[in-house]
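As structure tokens, then:
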């Protein structure tokens, strides 16, 4: 079943989902959510890249930014 990333708040089958969560939807289930721009289809390349932590921008967030305060 195709996977979709949630772009905002979504309620599907009684469950609430937040932005960034992944849903497995049929094309029929996804049609309205895609039209409303509530989800975006995850392609295989992006999914594989996101699975690798070195490709996660959040993994290095804050390093070298001068936000470490000592004292």
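Residue numbers (the working numbering): 1 to 71.
Just so it is clear, CB atoms sit at the ideal spot from N, CA and C, and this is done for glycine as well.
Nothing here was measured: the structure is a model prediction, and the numbers come from that model.
Within 9 Å, strictly: CB atoms of residue i and residue j
{"i": "residue 37", "j": "residue 2", "result": "no"}
{"i": "residue 6", "j": "residue 20", "result": "yes"}
{"i": "residue 4", "j": "residue 35", "result": "no"}
Expected contact under 8 Å - CB spacing of residue i and residue j to nearest Å
{"i": "residue 23", "j": "residue 9", "result": "Not quite, the Cβ-Cβ distance comes to about 13 Å (not below 8 Å), so this is no contact."}
### Message
Which runs of the beta strand (DSSP E) at least 3 residues long sit entirely within the region 10-44? Give them in chain order.
### Response
10-12, 15-17, 22-24 and 39-41
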